[in-house]
Structure formats: structure tokens, C-alpha cells
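Participant: Take this structure, written in C-alpha cells, and hold onto it; I'll ask about it next.
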Amino acid sequence: MKSITARRQRGVTLTETLLVLGVAAILAAAAYRAYAVANNDARNNDLSNGTLALVGKIKQVWGTDGNYSGIDGNDAADALFNSGVLPSQFRREGKGNSAKIKDLHGYDVSFNGIEGAFAIGFTNLSKEACVLLASALSGVAHSVYVGRARATTNSASGTINVAGGKEYKGPNIDTDSGLDNTALSDTAGCGVSSAANRKLIALIR
């Protein structure tokens with residue numbers, strides 16, 4: 000009888016141990032997910048704050064005469080780095096015509112500059128980062144495009160042209176707020192399924 004009781008006690012102890020381990024694993028997984036979300040939110044906020052700081056510094060340096068052509072295309076990375084305007088959320092990779100500006104996620108940041116305006120472009124954004132950046136930049140940009148947006152400089156006409164994507168803020172938006180909030184969820188905007196196509200272009204004057 001004592002032997003049977005002992006075996007039962009050992010069986011209950013093993014069952015309880017497995018139950019405790021299972022609960023601990025679930026709690027650990029939930030804690031990791033919460034940490035990952037919080038960390039991602041913090042990095043997105045950091046990128047947003049860094050971008051606003053970068054825009055402000057660019058306007059301080061090049062906005063005195065309103066000519067932003069020095070930060071156009073392949074010349075942008077070295078010009079921005081050498082002028083000392085890059086916040087800690089951005090870095091230069093490479094030198095010369097092959098140099099690029101990378102954001103804190105490691106993705107390319109593009110620049111187009113002309114007389115009187117410049118554009119800053121992001122790619123491979125998460126949906127959350129796309130929404131946050133668009134909202135932040137709407138306060139300082141003349142227009143903001145999200146989704147499959149692409150900016151090019153037309154030197155002959157002295158313009159920056161944006162093709163594709165969804166206009167979030169700009170001259171074609173006819174709302175009281177001046178913003179088209181559907182762009183933040185639309186599949187042609189921040190809601191596009193592929194991160195590679197989730198881009199943002201902000202035109203600043």
C-alpha cells in the first residue's frame with residue numbers, strides 16, 4: 000500500500016511540475032511579445048523624433064538661401080554627413096557617389112533637393128512606423144505620400160516629382176484637416192501588404 004501511495008505522490012508531483020513549466024513558458028512568451036512590441040514602438044518613436052530633428056537641421060543649414068540642390072541624389076549622403084546635421088538615428092554608409100544614408104533600422108533614406116524644396120524618402124517601413132512618420136511629418140511638410148511612392152528630381156524644370164503611392168497630405172487633399180487619413184490604412188498607402196513597397200516621401204519647402 001505504501002508503495003502505491005508513493006507512486007501516486009510522485010505522479011502528482013510530475014504532473015504539477017509539467018503544469019508549472021507550461022504556465023511559465025506561456026508567461027515568458029507573452030512577456031517577450033510585450034517587450035518586442037514596446038521595443039519596436041520605442042524605436043519607431045526614436046526614428047520619428049530623429050527625422051524631425053534632421054529636417055530642422057537641414058533647413059537651418061541649407062534653408063538660409065533656400066537652395067537644397069546640394070543634398071540631391073548621390074551627393075546627399077556626404078553633404079549631410081560632412082555638414083554634421085545627421086542625428087544619432089541616422090548614419091552614413093560608404094563614401095562618395097556610393098555613400099548612402101541609413102535609418103536606425105538599417106534601411107536606405109533617399110534625398111532629393113532643388114531650389115526652394117527638398118524631399119526625404121523612407122522604405123521598408125513597418126505599418127506602425129509608416130503611420131507615425133506620416134503623422135509627424137505632416138506638421139512640417141508641404142506634402143506627404145505613403146505606399147509605393149517614388150520621388151525624382153527634374154533638374155530641367157527644377158521640380159521634385161512624386162509618382163505612385165497615396166497622398167496623405169498635399170494640394171489634392173480636400174478635407175478640413177488637410178489630411179487624408181484613409182491613406183494610413185489603405186492598401187495603396189501604409190496598409191500595403193509588402194514592407195518593400197511601404198514607403199514614405201515627404202516634400203518640404
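Position 39 of the sequence shown, counting from 1, maps to 38 under numbering that gives the first Met the number 0, and the rest follow consecutively.
Glycine included, each C-beta is placed from N, C-alpha and C at the ideal position.
Source: prediction; values computed, not measured.
1) Tell me where the alpha helix (DSSP H) around G77 begins and ends.
2) Taking DSSP as the reference, what is the three-state secondary structure of N66?
3) How long is the line joining the alpha carbons of S192 and T186, rounded to whole angstroms?
4) If you draw a straight line from the C-alpha of K99 to the C-alpha of A128, how long is it?
5) With burial defined as no fewer than 16 other Cβ atoms inside 10 Å of the residue's Cβ, what is the status of G157: buried or exposed?
6) Is it buried or exposed for A140, if we count other Cβ within 10 angstroms and need 16 for buried?
7) In whole angstroms, what separates the C-alpha of D74 from that of L20?
8) CB-CB under 6 Å to N66, same chain, minus the five flanking residues each way: which ones, in chain order?
9) Under 7 Å Cβ to Cβ from Y34, same chain only, skipping five residues before and after it: list those, please.
10) Please confirm whether L79 and L136 have their CB atoms less than 9 Å apart.
11) Roughly how many angstroms separate the alpha carbons of F89 and S125, rounded to a whole number?
12) Reducing DSSP to helix, strand and coil, say where D182 ends up.
13) May I ask you to report which of helix, strand or coil DSSP gives R204?
14) What are the start and end residues of the alpha helix (DSSP H) that includes S134?
Facilitator: To lay it out plainly:
1) Stepping through the sequence shown from its first residue, residue 77 is reached at position 78. Sequence inspection shows Asp at residue 77; the Gly mentioned does not correspond to that position. A75 to S82 is the extent of the alpha helix (DSSP H) around D77.
2) Counted from its first residue, the sequence shown places residue 66 at position 67. Three-state result, N66: strand.
3) In the sequence shown, residue 192 corresponds to position 193, counting from 1. In the sequence shown, residue 186 corresponds to position 187, counting from 1. Whole-angstrom Cα-Cα distance: 7 Å.
4) The count along the sequence shown starts at 1 and reaches residue 99 at position 100. The count along the sequence shown starts at 1 and reaches residue 128 at position 129. Taking the straight line joining both Cα atoms gives about 21 Å.
5) Start at 1 with the first residue of the sequence shown, and residue 157 comes out as number 158. Exposed, because fewer than 16 other Cβ atoms sit within 10 Å of the Cβ of G157.
6) Mapped onto the sequence shown, residue 140 falls at position 141. It is buried - the Cβ of A140 has at least 16 other Cβ atoms within 10 Å.
7) Taking the first residue of the sequence shown as 1, we reach residue 74 at position 75. Taking the first residue of the sequence shown as 1, we reach residue 20 at position 21. Those two C-alpha atoms are separated by around 57 Å.
8) As a first step, residue 66 is located in the sequence shown; it is residue number 67 there, counting from the start. Excluding positions up to five away in sequence, the list reads E114.
9) Here residue 34 refers to the residue found at position 35 of the sequence shown. With a pLDDT of only 48 at Y34, under 50, the local geometry of the prediction cannot be trusted, and no value is derived from it.
10) Translated into the one-based positions of the sequence shown, residue 79 becomes position 80. Translated into the one-based positions of the sequence shown, residue 136 becomes position 137. No, the pair does not count as a contact, with Cβ atoms beyond the cut-off.
11) On the sequence shown, position 90 is the one that residue 89 refers to. On the sequence shown, position 126 is the one that residue 125 refers to. One Cα belongs to F89, the other to S125, and the distance between them is close to 17 Å.
12) Along the sequence shown, one-based indexing puts residue 182 at 183. The sequence shown places Ala at residue 182, rather than the Asp named in the question. Assignment of A182 by DSSP, reduced to helix, strand and coil, places it in the helix class.
13) Counted from its first residue, the sequence shown places residue 204 at position 205. R204 falls in the coil class under three-state DSSP.
14) Within the sequence shown, the letter at position 135 stands for residue 134. First-last of the alpha helix (DSSP H) with S134: K126 to L136.
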